[in-house]
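Here is the structure we will look at.
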Amino acid sequence: MSTKVMVGAGVIAIALMSGLWIQKERSEARRQALAQQAEQAQREAEEARQQAALQVAEVEVNSLENERKRSEMSASQAAQLRTAAEQSMADARRESARNQYTYEYQKTRERFEAEMADMQRQRMDEHMKEQDRRRADEAIQELQRKIDQARQEEEKQKQIRPSIGTVTCGSSDPHCDKR
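Using our numbering, read the sequence shown as starting at 1315 and increasing by one per residue.
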């Protein structure tokens, strides 16, 4: 019995061992499968975490990009406003300079016109004085001519009239010289 029992016990032991081995193999296979699943889940979780991190980073990048664009737009608008303000100031300066030039030109023109009017008045006064002198000279010449003419007339009358004490000279004759 001992051999049969031993063989039977050996067979049972082998069967049990093989069952245990099979169970161990299955358990090992399950453990490996679970480890692979856990590894796979961990990889997927890591990928999901990386994907989420990428999405967050992308959102942040987009947000930063949008903020940069807004900032650029604000900077661009500020630059445009600054340029417009500088242009407006330059226009105002040019307008002020133009107005100053116009004012100075107007003042110079008024001064020139006043000087021209004074010169014309002086010329007119001189012209009037010259005309007055000419008229006075003409009047003096006319008087001188009349005086000369009157003297000549008187000389003629003296030659024509009789001398003093002649018979033709009467007391009522105004041309007679009675002395």
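Note that the Cβ used here is the ideal one computed from N, Cα and C, for glycine as well.
The C-alpha of GLN1473 lies about 15 Å from the C-alpha of GLN1463. Taking the Cα positions, VAL1319 is about 9 Å away from VAL1325.
In this structure, the alpha-carbon of LYS1383 lies about 21 Å from that of LEU1368. Distance from the CA of GLU1379 to the CA of SER1385, rounded to the nearest whole angstrom, comes to 9 Å. Linking MET1442 to GLU1452 through their CA atoms gives a straight-line distance of about 15 Å.
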